[in-house]
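Asker:
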Amino acid sequence: MSFGNRNFGKKKNDDIYSYRRERFTKRVYDDIKPADNGDRPPVQFEKNFYKEAERITNLTKEEVQRFRDEGEMKIYGNDIPKPIINLDDIQFGTNVMKTLERMGITKPTAIQAQGWPMALSGRDMVGIAQTGSGKTISFVLPALIHASQQEGLRRGDGPIVLVLAPTRELALQIKEVFDEFCKAFRMRCAAVYGGVSAYSQKQELRNGVEVLVATPGRLIDLHEQGFIPLERVSFLILDEADRMLDMGFEPQLRKVIPKTNEDRQTLMWSATWPKEVVELARTFMTDYIQVNIGSTELTSNSKIIQKITVCQERDKFDEIIKVINEFGNNDKIIIFCNKKRTCDDLEYDLRKKKYDVAAIHGDKSQQARDKVISDFKKGRIQCLIATDVAARGLDVKEVKAVINYDFPTNCESYIHRIGRTARGNDAEGTAITFFTYGDRNNTKGLIAILKDANQDVPRELSDMMSKSNYSSYSRNTHSFRRRY
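According to the numbering used here, the residues represented by the sequence shown are 243 to 726, in order.
1) Just list the alpha helix (DSSP H) runs in the region 637-720, keeping only unbroken ones of 4 residues or longer that don't cross its boundaries, in chain order.
2) Let me make sure I understand the geometry here. Which of L592, T672, P401, D637 has the alpha-carbon closest to that of D612?
3) In whole angstroms, give me the CA-to-CA distance for E304 and K324.
4) Return the chain-ordered ranges of every beta strand (DSSP E) run that is complete within the region 363-435 and spans a minimum of 3 residues.
5) Have a look at E518 and R593 and give me their C-alpha separation to the nearest angstrom.
6) Count the other C-beta atoms from every protein chain shown that fall within 10 angstroms of the C-beta of M706, then say buried if there are 16 or more, exposed otherwise.
7) Rounded to whole angstroms, how far is the Cβ of T538 from the Cβ of W515, which I believe are closer than 8 Å?
8) For I499, list the residues DSSP reports as bridge partners.
9) With DSSP run on the structure shown, which of helix, strand or coil describes K316?
10) Which residue comes first and which comes last in the alpha helix (DSSP H) that contains N534?
11) Buried or exposed, going by whether 16 or more other CB atoms sit within 10 Å of the CB of N718?
12) Could you tell me which residues DSSP puts in a beta bridge with V306?
13) Buried or exposed: D331, going by 16 or more other Cβ atoms within 10 Å of its Cβ?
14) Which of helix, strand or coil does DSSP assign to S442?
15) Please classify D605 as buried or exposed, where buried requires at least 16 neighbouring CB atoms within 10 angstroms.
16) Can you tell which of T373, K444, L540 has its C-alpha closest to the C-alpha of Y398?
17) I'd like the list of long-range same chain contacts for S708, defined as Cβ closer than 7 Å, with 5 residues on each side in sequence excluded.
18) Closest to F618 by CA distance: which of T629, V641, H603, V631 is it?
19) Under a Cβ-count criterion, where at least 16 other Cβ atoms within 10 Å of its own Cβ denotes burial, should T373 be classed as buried or exposed?
20) Taking buried to mean at least 16 other C-beta atoms within 10 Å of its own C-beta, is I563 buried or exposed?
21) Does DSSP classify F266 as helix, strand or coil?
22) Using only the alpha-carbon positions, how far apart do R448 and P471 sit?
23) Report the start-end ranges of each beta strand (DSSP E) in the region 539-612 that is 3 residues or longer and not cut off at the edges.
24) Do you know offhand how far H465's Cα is from A407's?
The structure is reproduced here in structure tokens:
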């Protein structure tokens with residue numbers, strides 16, 4: 243069984259980008275009207291498109307369990323399909339296989355091996371996996387297969403696949419992955435998110451898209467204006483569900499989800515499994531099955547070499563020069579700072595030293611941020627300096643190192659930051675962190691992370707934990723600051 247678009251051959255619509263020719267012409271947003279979908283009966287749809295390969299069927303329970311143990315997979319629920327072993331255990335089709343090969347994907351990651359059969363079986367499912375596990379492709383391919391096997395869009399129809407993401411950066415990253423495969427399925431994908439004009443987004447939606455990636459706020463705005471009907475959504479994906487709840491999007495999710503098709507298939511992806519996410523799954527999913535890869539607690543990637551440099555604040559710039567010089571000119575490096583001002587100052591100082599760097603943060607326009615990220619991906623700049631605006635959702639291949647110029651305000655953010663390196667099956671990376679006296683409140687948590695990942699704990703860091711040192715520090719803070 244291979245997958246393709248049953249409706250291939252429809253006339254190509256060339257109007258999608260026509261607004262660009264008139265972008266300097268003064269126009270009014272209200273000139274764009276949503277298409278009228280009339281009063282039509284709901285579209286019937288299928289959900290189960292999985293056919294187990296014979297060699298997978300022939301695997302014994304012991305072989306399946308051994309494979310799951312090796313991939314640190316834990317499954318929950320009834321009648322869960324066996325994981326696949328190789329890419330060709332699912333007949334994705336020649337074009338998809340070529341795309342995977344072009345992307346350097348030669349074997350499925352653990353979440354893909356178990357997640358693809360689960361998603362293609364039409365069941366509601368939960369996937370718990372850490373950053374860099376390959377979870378985006380775990381839902382992109384099943385989503386496109388689902389959409390390609392449905393009745394084609396009619397005038398005024400909304401998307402078949404809806405992906406909800408917490409940030410515009412993540413929404414754009416997800417769309418990029420969809421774009422890699424949409425051509426193979428003759429599908430159209432759009433992304434809507436805040437922080438930019440809604441005009442171009444409305445224009446693209448007016449022509450109809452099978453796949454929509456959205457942040458909750460902009461989705462609700464455009465839905466209430468009539469530009470995004472949700473009745474045809476039969477494949478719903480919540481990516482980084484824990485992050486969306488942390489950011490306070492639960493009311494928006496509870497408002498949007500009931501407006502989709504009640505018989506939809508729902509997939510929820512998360513790095514952790516707190517009770518708030520569990521409750522959301524129980525509310526909006528039916529008889530769901532679940533796969534956890536590794537721990538459901540937030541842990542660091544074991545393939546990342548973590549190095550901690552205990553230093554004084556004033557020594558950071560000299561230290562970062564040493565670190566950057568240890569890498570080749572073509573090695574991509576992400577540098578995290580806590581403040582926008584620090585990003586700008588560091589960018590200025592490094593450029594004076596003739597380093598190819600650029601900074602992004604919340605005060606930069608979306609267009610400027612997109613350009614910097616694009617230049618970084620293409621290797622036009624070596625170092626990307628960022629605040630936590632890029633800590634999650636930034637998916638750049640072959641990032642050699644992450645440097646925490648400032649230690650983040652909490653250890654959870656530390657794990658998210660260093661997760662920008664060592665992504666995928668075989669990649670390895672390095673995380674270098676500058677730790678000062680001002681970061682001492684995170685000493686205990688950082689040491690726990692290092693020990694959990696079997697990383698070296700510097701003596702200076704251990705000293706910060708000792709009661710005797712804390713006592714001496716309180717007696718002589720000035721001496722402590724001189725030392726570190």
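Cβ atoms here follow ideal geometry from the backbone N, Cα and C, with glycine treated the same way.
Quick caveat, the model's predicted, so the values are computed rather than measured.
Answerer: Let's see:
1) 653-660, 685-694, 701-707, 709-717
2) D637
3) 12 Å
4) Runs of the beta strand (DSSP E) inside the region 363-435: 367-370, 403-406, 431-434.
5) 45 Å
6) Of the other Cβ atoms in all chains shown, 16 or more fall within 10 Å of the Cβ of M706; this residue is therefore buried.
7) 4 Å
8) I499 pairs with nothing; no bridge assigned.
9) Looking at K316 - three-state DSSP - the assignment turns out to be strand.
10) Segment 531-535 is the beta strand (DSSP E) holding N534; no alpha helix (DSSP H) there.
11) Because the pLDDT at N718 is just 46, under 50, the model does not fix this residue reliably, and the value given afterwards should be weighed accordingly. By the 10 Å Cβ count, N718 comes out exposed.
12) Per DSSP, none; premise fails for V306.
13) With 16 or more other Cβ atoms within 10 Å, it is buried.
14) Judged by DSSP in its simplified three-state form, S442 adopts helix.
15) exposed
16) Sequence check: residue 398 is Gly here, not Tyr. Out of T373, K444, L540, K444 has the C-alpha closest to the C-alpha of G398.
17) none
18) V641
19) buried
20) Here I563 is exposed. Its C-beta has fewer than 16 other C-beta atoms within 10 Å.
21) Interpretation of F266 is limited by its pLDDT of 34, a score under 50 that renders its predicted location unreliable; the figure taken from the coordinates is listed afterwards. Look at F266 here: in three-state DSSP terms it is coil, with no helix or strand label.
22) 11 Å
23) Counting only runs of 3+ residues, the beta strand (DSSP E) found wholly inside the region 539-612 occupies 546-552, 574-578, 599-602, in chain order.
24) 16 Å
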